[in-house]
Amino acid sequence: MRTFIGIVVTFFIFFILIFIIRFVYVVPENHYSILDQTGKVKLEDYPELKDMSFEYNADLSVEYTEPINLELEKINFRFNDEVIGTAEINKNLSELEDFAEPYIDEKTKEKIIRKIYPLQKEFLRILGRNAEVYDSLEDGRFYIDIYIKDLKINKTFVINRNNIFLEFESGGPKIFIPNI
Numbered sequence: 005m006r007t008f009i010g011i012v013v014t015f016f017i018f019f020i021l022i023f024i025i026r027f028v029y030v031v032p033e034n035h036y037s038i039l040d041q042t043g044k045v046k047l048e049d050y051p052e053l054k055d056m057s058f059e060y061n062a063d064l065s066v067e068y069t070e071p072i073n074l075e076l077e078k079i080n081f082r083f084n085d086e087v088i089g090t091a092e093i094n095k096n097l098s099e100l101e102d103f104a105e106p107y108i109d110e111k112t113k114e115k116i117i118r119k120i121y122p123l124q125k126e127f128l129r130i131l132g133r134n135a136e137v138y139d140s141l142e143d144g145r146f147y148i149d150i151y152i153k154d155l156k157i158n159k160t161f162v163i164n165r166n167n168i169f170l171e172f173e174s175g176g177p178k179i180f181i182p183n184i
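For the sequence shown, counting from 1, position 121 maps to 125 in my numbering; every step adds exactly one.
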């Protein structure tokens, strides 16, 4: 009888370990994910700025050709028509962190430089570390306005990202339940 109980307990512990390894994972910290479906940036006055959009992890991705003399001034987070927060940046686009190796555009044969600006901390600061602000966004539209300054003429223009979808995931242990 003791042997049978020992086998059952061993099998049960083995099953629990397999379950934990297979279906339990840890999200290291609270974070927002973003889906930006606004489309490519096309600015007639600034053809060197090829694209400015958001990566899934909420980083701002910038693609441009040299020379460029534009500054990422600030980013406004808007819900419907109300600004709910601002990230002050004031960095030249060429000073941003490298995202990947430059590449040659097949159509134009121009060298495209790719930079990135991490915004996860700003999303958490503005929208909340526990999705307290994000929960209120469910019934409205979320927009992001990117303010770019032309350093030659000291003029600011705005790039509107207006097809934004956000998702919040809290940190800690999670259980993955597969669809059957």
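Glycine is no exception: its CB is placed at the ideal position from the N, C-alpha and C atoms.
What you are looking at is a predicted structure, and each value in this text was computed from that prediction instead of being measured.
Open item on the list: Could you compute how far the alpha carbon of P182 sits from the alpha carbon of I9?
Closed with: The sequence position of residue 182 within the sequence shown is 178, counting from 1. The sequence position of residue 9 within the sequence shown is 5, counting from 1. Rounded to whole angstroms, P182 to I9 spans 31 Å at the Cα level.
Open item on the list: If contacts are defined as beta-carbon pairs under 8 Å, then E59 and G175 qualify, I think. What distance do you get, rounded to the angstrom?
Closed with: Reading the sequence shown from its first residue, position 55 is the one you call residue 59. Reading the sequence shown from its first residue, position 171 is the one you call residue 175. In fact, because the Cβ distance is near 20 Å, the residues do not count as touching under 8 Å.
TODO: Go to I17, then tell me how far its alpha helix (DSSP H) extends in each direction, as first and last residue.
DONE: Here residue 17 is taken as the residue at index 13 of the sequence shown, counted from 1. 6-27 is the span of the alpha helix (DSSP H), which, as asked, contains I17.
TODO: Would you kindly work out how many angstroms separate the C-alpha atoms of G89 and I130, rounded to a whole number?
DONE: Position 85 of the sequence shown holds residue 89. Position 126 of the sequence shown holds residue 130. So the alpha carbons of these two residues sit roughly 6 Å apart.
Task: DSSP-derived helix/strand/coil call for L97 - done: In the sequence shown, the residue the question calls residue 97 occupies position 93. Looking at L97 - three-state DSSP - the assignment turns out to be helix.
Open item on the list: Quick check on this structure: which residue in F180, K153, E173 has the alpha carbon closest to the alpha carbon of S37?
Closed with: Here residue 37 corresponds to residue number 33 of the sequence shown, with the count starting at 1. Nearest option by C-alpha distance: E173.
Open item on the list: Is it buried or exposed, K44, if we count other Cβ atoms within 10 angstroms and call 16 or more buried?
Closed with: Within the sequence shown, the letter at position 40 stands for residue 44. K44 is exposed by the Cβ-count criterion.
Open item on the list: Between the alpha carbons of I116 and K125, how many angstroms are there, rounded?
Closed with: Translated into positions along the sequence shown, residue 116 becomes position 112. Translated into positions along the sequence shown, residue 125 becomes position 121. Between I116 and K125, the C-alpha separation is close to 27 Å.
Task: Supposed contact pair E75 and L155 - C-beta distance, whole angstroms, cut 8 Å - done: By 1-based counting over the sequence shown, the position of residue 155 is 151. By 1-based counting over the sequence shown, the position of residue 75 is 71. Indeed they touch by this definition, with Cβ atoms about 6 Å apart.
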